[in-house]
Structures are given as structure tokens and as C-alpha cells.
Amino acid sequence: MDRRDVRLSGIVARLVTIPISHFCEKARWALDRAGVDYVEQPHLQLVHVLAARRAGGGRTVPVFVTDAGQVLGESAAILRWADQHVSSDRRLYPEGELGSEAAAVEAWLDRGLGPDGRLWMYHETLPVVRELEPWAVAGIPGWERLMFRAGGPAISFALRRYLHIDAQSASAALERVQAVFDEIAGRFSDGRPFLLGDRFTAADLTFASLAAPVLLPSGYGSPLPPPEAMPPAAAEVVGRVRAHPAGAFAGRMYAEERARSAAGVGDRGLSPRARSLGASSDRCR
Ligand SMILES: N[C@@H](CCC(=O)N[C@@H](CS)C(=O)NCC(=O)O)C(=O)O
8 MDRRDVRLSG IVARLVTIPI SHFCEKARWA LDRAGVDYVE QPHLQLVHVL AARRAGGGRT
68 VPVFVTDAGQ VLGESAAILR WADQHVSSDR RLYPEGELGS EAAAVEAWLD RGLGPDGRLW
128 MYHETLPVVR ELEPWAVAGI PGWERLMFRA GGPAISFALR RYLHIDAQSA SAALERVQAV
188 FDEIAGRFSD GRPFLLGDRF TAADLTFASL AAPVLLPSGY GSPLPPPEAM PPAAAEVVGR
248 VRAHPAGAFA GRMYAEERAR SAAGVGDRGL SPRARSLGAS SDRCR
């Protein structure tokens, strides 16, 4: 939906994204779960900087512009905002110590797992990015698709420079990702169903969404390639991650919690955005 459509639809809340980005997925999941009415404005990597700035944010996405014009340029702030639209028993940050713990785990994952998983994934996929075009450009405007086609190698080069991606940094990042997965798995040794105990919090949502580059979960809010479409070495890592207890947990969060959120079953029933998507997860496969 473009700007004119946004005006015509009367829905002014908008989420500026790189649709395949896991930080954007984190925000999208929280907004969907809360049944918030918004439109997504998806962009190509690097073009996102212009879009983020134009929306009033910094140089990263997601940027969420609320229907009241408030600009939120951090995924954590978007989760906090979405939390004002759910009943207290469904808060991502419950009252008291549990809420503080959820925020602390979220911040830890935002700092580590998020950038590390992304760095590894870019290292593996940039060399074959043309073959991954159907997923890389899903949903973005036509001229940005053309830019992707014409400028693919230059964009890859710029991303590598910008995010300091090389074989050594990618392998170190993957090791750190594996350590996070082991630590997360350790938390389940007492049989708890969620990361912090008996209820779903921002910690679970953040872990599952930021695990996406190494997990390729089904039910993600933008189409992801199947492991078979990835280079063999990357597909092998995805297979290992899926079999890991923490990977299985993230997969379950997608199958259960994200699926409910994608269907728009928030406190206020089916959201118009979910309805416009057919309230199905077809788009996510
Ligand atoms: N702390 C930010 C991180 C967001 C982030 O790193 N977004 C990526 C997309 S996955 C981005 O915009 N990267 C480009 C950049 O760092 O300039 C948040 O939680 O919103």
C-alpha cells in the first residue's frame, strides 16, 4: 500500500520496514498480536535509510508512526506501545519483576543474537542473492526491485562494508549465536513452557523473531526461502538449529503464538490488516 492508499484507507498508522528483516518481524508480530490497525511500508536494504529518516526515525527500521503521529524508531519501543493495546493478562511486559526480566532478556538478544544472526545470514546469502530474489524483494515497490536487479552487486558490496561482513566475522557471529541457543535451552531444563516461566512475554517474542535468520521458521510475516533454496553450508546450519532444543522452542512459538497473532486474534478481534491479508498465513510461507 503506498502513501496515497494509506490516506484513502483512513488508516494512518504505518510501519516502515525491510520486510525480511527480523527486527521488523519482531515489531510486526507485536502489532499483529495486539490487533493494531496499520499498514506496512516495505523497502529495500539501504533505501530503508531514506524511508526511516523520512518517517522521522533514525537510520534503522522498523520505524512505527502511530495514528497520533508519534514516531517510534526502536523495536523495543514499538513492543511497549503495542502492549498498551492488550489486556493486562496478555502483556509482553507483565507488571513487576517478570516485566523487568522480559525487558532485560529482550535487550540482551537485541544486542547479540539480532546483529549476529543477520551478519551470518548476509555472509551466506549475499554471494547468491540473485537466486534469492523472490524472497529478498517480496513486497517492496517496483522501482526498488529494479534497483535490486540493476545494482545487486553494488548493494552487496555496500552491505558487506556497512555491516563489516567477512568470513571471519561471520564464523565468530555464528559461534555467538550457538552460545545464545545453548543458554536459552538451559532455561528449559525445569520443564517451563516459556522462557521466563508460565506465560508468553517479550523475551519469547524477541528470541523467536531474532532467531529467524538461522531458523527460517514457517509462519514468518514475510516470505522466507526454504532451506533447500539456501547454499548447502547454510542449509546445514539451519537444519542443526531447527533440531536444537532452543530452535525447536522458537519453531513452536511460531506455530502457536505467531500463528494466532497473524490471524489478528487480538483483544479487539480480527484486525483490518489481518482481514486484508485474508487472515491466513499463506503470505508467510
Ligand atoms: N535496535 C534497533 C535495531 C534495528 C536494526 O538493526 N534494523 C536493521 C534491519 S534488520 C537495520 O535497519 N539495519 C540497517 C542499519 O543498521 O542501518 C531496533 O531494535 O529497532
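Taken in order, the sequence shown gives residues 8 to 292; the numbers are from my numbering.
Yeah, the Cβ is synthetic: ideal placement off N, Cα and C, and Gly gets one too.
Quick caveat, the model's predicted, so the values are computed rather than measured.
Buried versus exposed call for residue i [16 or more other C-beta atoms within 10 Å across all chains shown]
i           : result
residue 71  : buried
residue 171 : exposed
residue 57  : exposed
residue 82  : buried
residue 164 : exposed
residue 52  : buried
residue 221 : buried
residue 297 : Within the shown structure, residues of the chain are numbered from 8 to 292, placing residue 297 beyond reach of any answer.
residue 175 : exposed
residue 24  : buried
residue 227 : buried
residue 198 : exposed
residue 22  : buried
residue 47  : buried
residue 196 : exposed
residue 179 : exposed
residue 80  : buried
residue 89  : buried
residue 131 : buried
residue 241 : buried
residue 40  : buried
residue 233 : exposed
residue 45  : buried
Where the alpha helix (DSSP H) through residue i begins and ends
i           : result
residue 40  : 29-40
residue 213 : 209-217
residue 126 : 120-132
residue 260 : 252-260
residue 268 : 266-269
Reduced DSSP category for residue i - H, G, I as helix; E, B as strand; rest coil
i           : result
residue 47  : strand
residue 73  : coil
residue 204 : strand
residue 99  : coil
residue 222 : helix
residue 93  : coil
residue 153 : helix
residue 7   : Within the shown structure, residues of the chain are numbered from 8 to 292, placing residue 7 beyond reach of any answer.
residue 184 : helix
residue 54  : helix
residue 244 : helix
residue 78  : strand
residue 191 : helix
residue 136 : coil
residue 107 : helix
residue 64  : coil
residue 283 : Because residue 283 carries a pLDDT of 39, less than 50, the predicted location of this residue cannot be relied on, and no value is offered for it.
residue 144 : coil
residue 274 : Residue placement at residue 274 is poorly supported in this model, since its pLDDT is 41, which falls under 50; the coordinates still yield a value, given next. Reduced to three states, the DSSP call for residue 274 is coil.
residue 160 : helix
residue 239 : helix
residue 175 : helix
residue 199 : coil
residue 327 : Look at the range of the chain in this structure, 8 to 292, and you will see that residue 327 is not part of it.
residue 234 : helix
N- and C-terminal bounds of the beta strand (DSSP E) containing residue i
i          : result
residue 22 : 21-24
Is it the case that the segment 196-211 contacts the segment 93-108, given that we only count it when at least three CB pairs across the two stretches are under 8 Å?
yes
If you pair each beta-carbon of the segment 244-257 with each one of the segment 142-155, do three or more pairs fall below 8 Å?
no
Measuring CB atoms only, is the segment 101-112 touching the segment 45-65, in the sense that at least three cross pairs come out at less than 8 Å?
no
Would you check if the segment 112-121 and the segment 155-165 touch, i.e. whether three or more CB-CB distances between them fall below 8 Å?
no
Any contact of the segment 184-204 with the segment 230-238, i.e. 3+ C-beta pairs under 8 Å?
no
Mind the definition here: the segment 78-94 touches the segment 136-147 only if three or more C-beta pairs lie below 8 Å; say whether that holds.
no
Assess, as a yes-or-no matter, whether the segment 248-257 is touched by the segment 25-35 under the definition of 3 or more beta carbon pairs within less than 8 Å.
no
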